[in-house]
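K.L.:
The following block contains the structure, expressed as structure tokens.
2 protein chains.
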Amino acid sequence: MSHVDRQCNLPQEIVQAISSVVGNGPLALHEPRFHGNEWIYLKECLDSTFVSSVGKFVDRFEDELAAFTGAKRAVAVVNGTAALHVSLLLAGVEVGDEVLLPALTFIATANAVAYCQATPHFVDSEMNSLGMDAHALRVYLSTMAEMRGGHCVNRSTGRVIRAMVPMHTFGHPVDIEALLAVAHDFRLQLIEDAAESLGSTVGGRHTGTFGLMGTLSFNGNKTITTGGGGAILTNDVELGKRAKHITTTAKLPHRWNFVHDEVGYNYRLPNLNAALGCAQLEQLPGFLIDKRRLFVAYQSSFVNVDGVRLVAEPAGCHSNYWLQTLLLDESFAGQRDAILTATNDAGLMTRPVWALMPQLSMYKNTPKAPLPVAESLERRLINIPSSSGLLPIAP
Amino acid sequence: MSHVDRQCNLPQEIVQAISSVVGNGPLALHEPRFHGNEWIYLKECLDSTFVSSVGKFVDRFEDELAAFTGAKRAVAVVNGTAALHVSLLLAGVEVGDEVLLPALTFIATANAVAYCQATPHFVDSEMNSLGMDAHALRVYLSTMAEMRGGHCVNRSTGRVIRAMVPMHTFGHPVDIEALLAVAHDFRLQLIEDAAESLGSTVGGRHTGTFGLMGTLSFNGNKTITTGGGGAILTNDVELGKRAKHITTTAKLPHRWNFVHDEVGYNYRLPNLNAALGCAQLEQLPGFLIDKRRLFVAYQSSFVNVDGVRLVAEPAGCHSNYWLQTLLLDESFAGQRDAILTATNDAGLMTRPVWALMPQLSMYKNTPKAPLPVAESLERRLINIPSSSGLLPIAP
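Now the structure itself:
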């Protein structure tokens, strides 16, 4: 078949490759599954009348998240954005600082920096993990930053570069050890945006537990959901206490007095949502098995489709395969929108990756590194239906 | 009985007056009631799998809130604090501005101003409504502020005073018409903190619909609850659209593209919580009747207790009687903590009002008016058990 013919057929080939695994649509990109104790726990919550800011499910959800991830402390919050915001504040990000972020990320990562009145500084990704490129970052910082009084300073802007926030894209772990080394050498705090990577590990250790803090999301499209919700992970017990305090209006414990000792946030996860989370956590190991099975099935299905490959977990890592992802060959990148149209028209929900952050009007004048890989990935990535319930139950 | 004897007996008299209405404890200050369609709607939500950021209950809750309050638009958000934050931003509060607030309020009112990098400027309350004193405010502004270029400017600090945020304390409507006149004369935006006053009206019009925007809370301790939640009310349809946009990450609608056109917030109310809210709203008229019955019963019970009176709705207003409130005579203010101890020891949960905002470490250096009434109220107010289900069903 000629290259031109392949160009014309690729959208339909992809529709067929997806359908051969998951059947015909309509299929969402990522749907939650509620086949466990969701009902029972929600009812328990209503019966107790503790649906709101205190309740046993919040404590239990936090303890079970800590146990599952191996973090010393987990603090449940209202969503992943709030988790990022508070983590940046506790990491010492100040008004006027810069924070290094991947250009290829969801908007929450950048907005959380803006909430601190700090400036996002966007850097490139690498092909293997889709996440921040540690080597490129080191080279970049070596040319544009310098150490002044123990701080990393952007020579062009004169601002302190306080922290970096790598993100584990679609659940695939970033090269966290290499990034930690860069953070160490340039005196940067490292916060992991693990919103997409619950269940993903690096060398057996859970994502979100390598940096000073890590953040999770339990939005409706995530591997497990609390309706809306998130969490902060940390191995620093004092920092965990601070996170709990500042996310619960910074109120001092007292039998009746209302005294708050700093500007806090109303970021606590309601007990109702935590109840859902407890039921979902019980099913998480099964969800992860099912998502890996889906990857294997898609991989078989796509092996004979030229021009596209399925993104696999980096070596040494275990991905939760949150969103299954196609990477088009560069020569087929021009077909992206035709593929999105064909698949969505067929009822198979797909989507491209996010617009790169520096393309958005509010972030277009912020500092950025050269972004050749992120720009290439943006043209070539497509997420395909990824719900954990798409395959028949394993025999 | 001598004055000294009365001082000794007052705590026990108050315990007896409360118990004679609501029986013996343990009784919470304010408990939610889930005797309607809560379970059905939550189940519907789970069955649909739409528990998160979109779903029919969010739209329905918003429409029904607008219908109930008479606002042209209601936007459901994650809590009352978020509603205040976004309302202040949309009212044009800028970094470095001042915002007038009652010193006697919950911490959220002040924190929302701090989130805008603006400065709270605390003013006094009046005895009748417990809310901002319009007359005192007018006199105060006349002495310390001046108009410059169409803006109200604090002469001492040189900062623009951009807005005022009166709060309807414990559900009792503030003198909103008088405050609107002050806002008009000094070119201030007026945002109503109606977190506590769902169901409260002034001249038949719902609180939260007089100012540019009004904010509601559905925390677990409020008249109705969504677990955690809040809403923005407005009669400006364009402002309502802006509020919806900015509270849902400012994403532009598109079949698959992720483009956001400003720094937005992840402040949407999950569909799961909105489902609870829809069931609660159906019962709100009944809750309001029961809360008023409780006020009448307490009033009879306290009529013969010297040294204390029950706070009643201001003339021309209809209060939701969210929290039933005792006001001690000034000469009995020294008994406040003994009363709190006796009632809580008896299992009847009571609490004092919040510490005045300028007493808190983070707000002690912000500008403030003389606060003689707020200081007096702080010594003398006690909230007593107020749940709508405390009395037997009316015959």
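Going down the list, the protein sequences come from chains A and B.
Reminder that position 19 of the first sequence reads as 157 in the numbering used here, one-by-one numbering, no gaps.
Reminder that position 171 of the second sequence reads as 309 in the numbering used here, one-by-one numbering, no gaps.
In this text, a Cβ means the ideal position worked out from N, Cα and C, and glycines have one as well.
1) Using a Cβ-Cβ cut-off of 6 Å (strictly less than) and excluding sequence neighbours within five positions of L275 (chain B), which residues of its own chain qualify?
2) Can you pull the chain A residues whose beta carbon is under 7 Å from the beta carbon of R489 (chain B), in chain order?
3) I want to verify the contact list: residues of chain A whose CB lies under 7 Å from the CB of T387 (chain B), in sequence order.
4) Counting only beta-carbon atoms, is Q255 (chain A) nearer than 8 Å to chain B?
5) What residues in its chain sit with their C-beta under 6 Å from that of I156 (chain B), if we drop five residues either side in the sequence?
6) Please identify, using Cβ separations under 8 Å, the residues of the segment 429–457 of chain B that lie next to chain A, in order along the chain.
7) Give me the chain A residues within the contact set of H259 (chain B), using Cβ-Cβ distance strictly less than 7 Å, ordered along the chain.
8) Starting from I299 (chain B), trace the beta strand (DSSP E) in both directions and tell me its first and last residue.
9) Check E232 (chain B) in the structure and name its three-state DSSP category.
10) In whole angstroms, give me the CA-to-CA distance for T364 (chain B) and R286 (chain A).
11) What residue range does the alpha helix (DSSP H) around S457 (chain B) cover?
12) How far does the alpha helix (DSSP H) with S514 (chain A) in it reach, from first residue to last?
13) Which residues bound the alpha helix (DSSP H) around A246 (chain A)?
14) Beta carbons nearer than 9 Å to chain A: which residues of the segment 186–219 of chain B have them?
15) Show which residues of chain A have a CB atom less than 8 Å away from the CB atom of A476 (chain B).
16) Would you mind sorting A453 (chain A) into buried or exposed? The rule is 16 or more other CB atoms within 10 Å of its CB.
17) I'd like to know whether the C-beta atoms of L554 (chain B) and G349 (chain B) end up nearer to each other than 8 Å.
18) For the candidate residues B:G288, B:D323 and B:I427, whose alpha-carbon lies nearest to that of G528 (chain B)?
19) Using the three-state DSSP reduction, which class does G309 (chain A) fall into: helix, strand or coil?
20) How about P530 (chain B): is its C-beta nearer than 8 Å to some C-beta of chain A?
21) Run through DSSP, which three-state label would M265 (chain B) get?
22) Give the C-beta separation of R430 (chain B) and Y459 (chain B) to the nearest angstrom, bearing in mind that I take them to be a contact with Cβ-Cβ under 8 Å.
23) Alpha carbon to alpha carbon, how far is S499 (chain A) from L390 (chain B)? Give it in angstroms, no decimals.
24) At 3 residues or longer, and completely inside the segment 366–417 of chain A: list those beta strand (DSSP E) runs for me, N to C.
25) Tell me whether the segment 331–346 of chain A and the segment 306–321 of chain A touch, counting them as touching only if at least three CB pairs, one residue from each stretch, are closer than 8 Å.
26) Closer than 7 Å by beta-carbon distance: list the chain A residues that pair up with H398 (chain B), in chain order.
27) Does the beta carbon of W460 (chain A) sit closer than 8 Å to a beta carbon anywhere in chain B?
28) What is the DSSP secondary structure of T345 (chain B), reduced to helix, strand or coil?
29) Can you pull the chain A neighbours of F172 (chain B), defined as C-beta to C-beta under 9 Å?
30) I'd like the ranges of any beta strand (DSSP E) spanning at least 3 consecutive residues and lying wholly in the segment 426–488 of chain B.
31) Which residues mark the beginning and the end of the alpha helix (DSSP H) in which L184 (chain B) is found?
32) Can at least three beta-carbon pairs, one atom from the segment 472–487 of chain B and one from the segment 224–235 of chain B, be found at a separation below 8 Å?
33) Compute the Euclidean distance between the alpha carbons of G366 (chain A) and T353 (chain A), then round it to the nearest angstrom.
34) Checking the sheet assignment: what are the DSSP bridge partners for E330 (chain A)?
35) Would you kindly check if the distance between the Cβ of V213 (chain A) and the Cβ of I370 (chain A) is under 8 Å?
36) Between the Cα of M282 (chain B) and the Cα atoms of B:E516, B:I520, B:P508 and B:P530, which residue gives the shortest distance?
P.N.:
Quick look at the numbers:
1) V261 and V320
2) W394
3) I245
4) yes
5) L486 and I522
6) none
7) None at all; the shortest Cβ gap to chain A is about 16 Å.
8) It spans V298 to M302 - the beta strand (DSSP E) in which I299 (chain B) sits, taken as one unbroken run.
9) coil
10) 50 Å
11) It is not in any alpha helix (DSSP H) - S457 (chain B) carries neither H nor E in the DSSP assignment.
12) P510 to R518
13) Run containing A246 (chain A): I245 to Y253, per the alpha helix (DSSP H) assignment.
14) T187, F188, V189, S190, S191, V192, G193, V216, N217, G218 and T219
15) Ordered by position in chain A, no residue passes the 8 Å Cβ test against A476 (chain B), which lies about 13 Å from the chain.
16) exposed
17) The requested residue 554 (chain B) is not part of the displayed model; chain B covers only 139 to 533.
18) Reading off the sequence, residue 528 (chain B) comes out as Leu, not Gly. The candidate whose alpha carbon is nearest that of L528 (chain B) is B:I427.
19) helix
20) no
21) Coil, per DSSP.
22) 6 Å
23) 12 Å
24) As far as the segment 366–417 of chain A is concerned, its whole beta strand (DSSP E) runs of at least 3 residues are 368–372.
25) yes
26) Below the 7 Å Cβ cutoff, chain A contributes I245 and L498 as neighbours of H398 (chain B), in chain order.
27) no
28) DSSP places T345 (chain B) in the coil class of the three-state scheme, outside both helix and strand.
29) L184, D185, T187 and V189
30) 446–448 and 462–466
31) It spans E176 to S186 - the alpha helix (DSSP H) in which L184 (chain B) sits, taken as one unbroken run.
32) Too few Cβ pairs lie closer than 8 Å, so no.
33) 14 Å
34) A:G352
35) yes
36) Nearest to M282 (chain B) by alpha-carbon distance, out of B:E516, B:I520, B:P508 and B:P530, is B:P508.
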